[in-house]
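Add 2 to a position in the sequence shown, counting from 1, and you land on the number used in this note's numbering. C-beta: ideal position from N, C-alpha, C; glycine also. Please read these numbers as outputs of a predicted model, since none were measured by experiment.
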Amino acid sequence: MATVRTRFAPSPTGYLHLGGLRTALYTYLYAKQNAGSFVLRIEDTDQERYVEGAVDAIYRSMRLAGLNWDEGPDIGGDYGPYVQSERKGMYLPYAQQLVEMGKAYYCFCTEARLKGLRAEYEARGETFKYDKHCANLSKEEVQARIAAGEPYVIRQNLPEQGEASFDDALFGHIAVDVSTLDDMILIKSDGMPTYNFANVIDDHTMGITHVMRGSEYLSSTPKYNLLYEAFGWEKPVYIHLSPIMANATRKLSKRYGDPSFEDLMNQGYLKDAIVNYIALLGWNPGDEREYFTLDELTQAFSLKGLSKSPAVFDMMKLRHFNFEYVQKMNTQEFEQAILPWISTVIDPARFDTHRLAELLQPRCEVLSELAERLGFLNEMPEYDLELFFNKRMKTNRETALPVLEALYPLLEQSPVWSEQALHDAVMDYVAQQGCKNGFVLWPLRIAISGWENTPAGAFEIAGLLGREETLRRLRTSMDRLKA
Ligand code: GLU
């Protein structure tokens, strides 16, 4: 069997969206699993839709996701160039060959004639179809008109009747009645190929054996397969993939603000969690497993596990995956991962970020959400004294003051400033008083954090703040309670 060669062929029209990421992922997995090659090809024939910076964004996202290509624009390979605009000279000879075989023809119809034709169809309420006006021009006439400098396009010459079909590995036999199809332009008047023509020629000339792409191409594939038949080329295996939906009625789409891969990374999702979750949107391993590294996916992936029905992207599910991936990190890794996020609200040089990482990790779902939980650390926030009121702990501003006044000297005299030492000192006091823990711990935590909800308890916060700052905050709070 020929070596498997797959390709991901994005059009550089923006960031890598999640549907694209999934196609790239499956394409990568299939190649790797079969010890084949994974090719990256940039399909930029449609210059009007070209978005500046999009190619770099695609490279960046794919590399981040670990989907390293074996051949591609930036690294070369035996089948280059890998950017369609750099291949522009390659397409015309193939179209000319089709003309020789009667499978394509030169068309000199002017814009005005086509416009009139379109209007006629419209008036009859039919979809436009080119009327093969130029299909039967003699070779001599064609040559003379080209020589005279008349502009022309080259159109695919479809049979008038019959069926065009192909077999999709997932969707099975797909057939269309050719009489419903239009003689599509293959080469435009500027000599450039149309997108679909370039796509076919490239897949063949790059030796692609398996094509995976979105199911929006399912209906046009039979038509373009006629080109393979005309050339007598072996067709690749086609695997069209069901869309990823945002909800029951619409596809995931950046037009509606659905996030791209990079957006999710910028929101604090981990790449491995995203890739793992995306892999499961449209594929299942056939057993109960849910967590996969890229290598494990490479082992487990199979075409049999692909689903024909659309998958729905569920942000809560992704959060859950992210949570699980966060929990898998060791403290050092987590500390490194959170530094850029927490540095936006705290000065990391002032705090024991290792301890902070230990405290934050067990409940962390998404990294970007950590910063907002730490706002009280850098500076004591202005807070409402009513926070001392807590019905369950039986505390209020009046009960808080004597407790804080009793705790202050205990803390101040603590020989070491550690969570354990502070814990012991405070708990001794609780035991002496014979009160509930919360009666003491609630006011202490409020007095040094100023926040009702904090990601850590009073001792941990005091440990992070250090002796001087904790005592300073306590004094401020006591002064306010006295006033
Ligand atoms: N360039 C196409 C796109 O970005 C992909 C077509 C294909 O994979 O054949 O949608």
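For Phe263, no beta strand (DSSP E) run applies; the uninterrupted alpha helix (DSSP H) run containing it begins and ends at Phe263 to Asn268, by DSSP. Leu379 is not a Cβ neighbour of Leu372, given a cutoff of 9 Å. The beta carbon of Thr196 sits closer than 8 Å to those of Thr47, Met186, Ile187, Leu188, Ile189 and Lys190, all from its chain and outside the five residues before and after it, given in chain order. In the structure shown, the three-state DSSP call for Val314 is strand. Here Leu413 carries a helix assignment [DSSP, helix/strand/coil].
Counting the other Cβ atoms within 10 Å of the Cβ of Ala33 gives 16 or more, which makes it buried. With a cutoff of 8 Å, Tyr84 does not count as near the ligand GLU, since its C-beta is closer than that to no heavy atom of the ligand.
Within 8 Å of the C-beta of Arg215 there is at least one heavy atom belonging to the ligand GLU. Contact between Ala67 and Lys273 is confirmed by a C-beta separation of about 6 Å, below the 8 Å threshold. Taking all protein chains shown into account, Met318 has fewer than 16 neighbouring C-beta atoms within 10 Å of its C-beta and is therefore exposed. Per the Cβ contact rule, the segment 163-174 is in contact with the segment 213-224 (3 or more Cβ pairs under 8 Å). The bridge partners DSSP lists for Met103 come to none. Across the structure, Tyr93 and Phe315 are spaced so that their CA atoms are roughly 39 Å apart. Boundaries of the alpha helix (DSSP H) around Gly118: Glu113 to Ala125. Within the model, the alpha-carbon separation for Tyr17 versus Asp265 is close to 9 Å. A residue is called buried when at least 16 other Cβ atoms come within 10 angstroms of its Cβ; Val213 meets this threshold and is buried. Rounded to whole angstroms, the separation of the alpha carbons of Gly22 and Ala339 is 26 Å. At least one heavy atom of the ligand GLU is found less than 8 Å from the C-beta of Gly22.
The segment 254-271 and the segment 39-55 do not touch, with fewer than three beta-carbon pairs separated by less than 8 Å.
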